[in-house]
Ligand code: S3P
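Residue numbers (our numbering): 38 to 464.
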């Protein structure tokens, strides 16, 4: 697996497009597959995770055509999926296994979803228990993938989730499409609501209010053409690079700015960043805009409580930003980071310490005091795409050379990351 050498740079400059939003892309493939009729998807993410969802749906008998600038999904309806001939492979993708499990729990066949080494380590009890409450039969070893789902008739539940997780919520809501009555999920804090918004676009009656989401079933989905905005979680790396490198000016066009995802903008604004929003429009129930950012001297902040689910994927790059901000940044209530593609609390702290940052690990977060100059170092990606990309940005700011090991993992969410970086760096 390839390593990447990153040298420091003076600025990033340019107007760039991000891949399609990964979360919305998964949902578009899953929901159009079980809709009645043909849907066209434009702007689908080219992430490996999304490709895994696409292959899983093809292996469940859905005809999905990949054309030059669109994906055509011939939806089979809620009961049109076929038993797969082999185990379904979710690869590295937590969203694929958890959301798809909700749909498979209601089918009249048995299926098994597996994944790579990292996915096999991630917690699945969070979806297995509520699906079992709905009447599903799911086999696993210690609540880990592979999971075998013996689908059947389910009943509606009112589920109080102990964690704020859009994957858990979406899994239950998707199962709820198949049952009579209101299936409701209450979460301690509001998580991303792309599922609710897309279900509404496809004609399902959805209730969504402050951490409580419900679907009224049984509900059929109507095919819809879905255009996917750019991924703000991918943009976060360049937004932070733009803030940290003097002389930078970047415009990121056509990004999803659903407010359950824009915690990164709030966090950076608290730190004094300059980010301008332009060209705001809403398509398919999802707002989007272009974001313009420039270099600024950042100051420290505290990130805790209700913002955490809205920055959960952006904490690696926010931690890099915090090393360059004046004062002490405290990140807490973020224990979920320990069960992501790597234990991101440990992997962020270990790598930033290697680069000379003043950082301390806590049970559910970290404490970073800045600004400290970063030094080039040998960085482990731990096979985690967001760690590889966050530390590539750290390498742009650092003195000397940074080697990021095993960077192939960036394909998980952002295959063109290094190509774009090469284009916009201004040495
Ligand atoms: C996602 C939800 C989040 C996020 C992940 C994508 C989604 O996970 O970290 O990258 O698309 O629903 P959790 O639901 O585990 O918080």
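Every residue, glycine too, gets a C-beta built ideally from N, C-alpha and C.
Model, not experiment: these values are computed from the prediction.
Query: Buried or exposed: residue 244, going by 16 or more other Cβ atoms within 10 Å of its Cβ?; Result: exposed
Query: By how many angstroms is the C-alpha of residue 184 removed from the C-alpha of residue 29?; Result: Outside the shown range of the chain (38 to 464) lies residue 29, about which nothing can therefore be said.
Query: With a threshold of 6 angstroms, establish whether the CB of residue 349 neighbours any heavy atom of the ligand S3P.; Result: yes
Query: Assuming the contact rule is C-beta atoms closer than 8 angstroms, residue 173 and residue 189 should be a hit. Round their C-beta distance to whole Å, please.; Result: 7 angstroms
Query: Tell me which residues share the same chain as residue 460 and place their Cβ nearer than 7 angstroms to its Cβ, disregarding the 5 neighbours each side in the sequence.; Result: 51
Query: If we count the other Cβ atoms within 10 Å of its Cβ and call it buried at 16 or more, is residue 102 buried or exposed?; Result: exposed
Query: From the DSSP output, read off the bridge partner residues of residue 43.; Result: 439
Query: Report yes if the C-beta of residue 203 is less than 6 angstroms from at least one heavy atom of the ligand S3P; otherwise report no.; Result: yes
Query: Nearest to residue 170 by alpha carbon, out of 212, 86, 431 and 144?; Result: 212
Query: Does residue 66 get closer than 7 angstroms to chain D when you measure Cβ to Cβ?; Result: Protein chains in the displayed structure number just one, and chain D is not present.
Query: Go ahead and label residue 392 buried or exposed: buried means 16 or more other beta carbons lie within 10 angstroms of its beta carbon, across all protein chains shown.; Result: buried
Query: Just mark residue 57 as buried or exposed, buried being the case when its beta carbon has 16 or more other beta carbons within 10 Å.; Result: buried
Query: List the endpoints of the continuous alpha helix (DSSP H) containing residue 77.; Result: Where residue 77 is concerned, there is no enclosing alpha helix (DSSP H), although the beta strand (DSSP E) it sits in stretches over 73-79.
Query: Can you tell me the Cα-Cα spacing of residue 86 and residue 127, whole angstroms?; Result: 7 angstroms
Query: Just grab the DSSP bridge partners of residue 311 for me.; Result: 331
Query: Is it true that the segment 331-349 meets the segment 359-370, where meeting means three or more beta-carbon pairs spaced less than 8 angstroms apart?; Result: yes
Query: Considering only DSSP beta bridges, list what residue 178 is partnered with.; Result: 181
Query: Flag this pair as yes or no: are the beta carbons of residue 208 and residue 298 separated by less than 7 angstroms?; Result: no
Query: Can you give, in chain order, each stretch of the alpha helix (DSSP H) that sits fully within the segment 375-411 and has at least 4 residues?; Result: 381-391
Query: Measure the alpha-carbon distance for residue 395 versus residue 403 and round it to whole angstroms.; Result: 10 angstroms
Query: Helix or strand or just coil, what does DSSP make of residue 133?; Result: helix
Query: State the Cα-Cα distance for the pair residue 439 and residue 324, rounded to the nearest angstrom.; Result: 37 angstroms
Query: Check whether the segment 402-421 touches the segment 440-447, counting contact only when three or more Cβ pairs, one atom from each stretch, lie closer than 8 angstroms.; Result: yes
Query: Between which two residues does the alpha helix (DSSP H) containing residue 455 stretch?; Result: 454-461
Query: Under the rule that 16 or more other beta-carbon atoms within 10 Å means buried, what is residue 456, buried or exposed?; Result: exposed
Query: Answer with buried or exposed for residue 234, where buried requires no fewer than 16 other C-beta atoms within 10 angstroms of its C-beta.; Result: buried
Query: Can you list, in chain order, the stretches of the alpha helix (DSSP H) that have 4 or more residues and sit fully within the segment 104-169?; Result: 131-141 and 154-157
Query: Near residue 427, which residues of its chain fall below 8 angstroms by C-beta distance, leaving aside the five closest residues on each side in sequence?; Result: 274, 353, 354, 356, 357 and 385
Query: Throw me the rounded Cβ distance for the residue 309 and residue 336 pair, which I believe falls under 8 angstroms.; Result: 5 angstroms
Query: On the premise that residue 262 lies in contact with residue 77, defined as a C-beta separation below 8 angstroms, what is that separation, rounded to the nearest angstrom?; Result: 5 angstroms
Query: On the criterion of 16 or more Cβ atoms from any shown chain inside 10 Å, does residue 16 qualify as buried, or is it exposed?; Result: The structure shown does not extend to residue 16, since the chain is modelled only from 38 to 464, so the question has no answer here.
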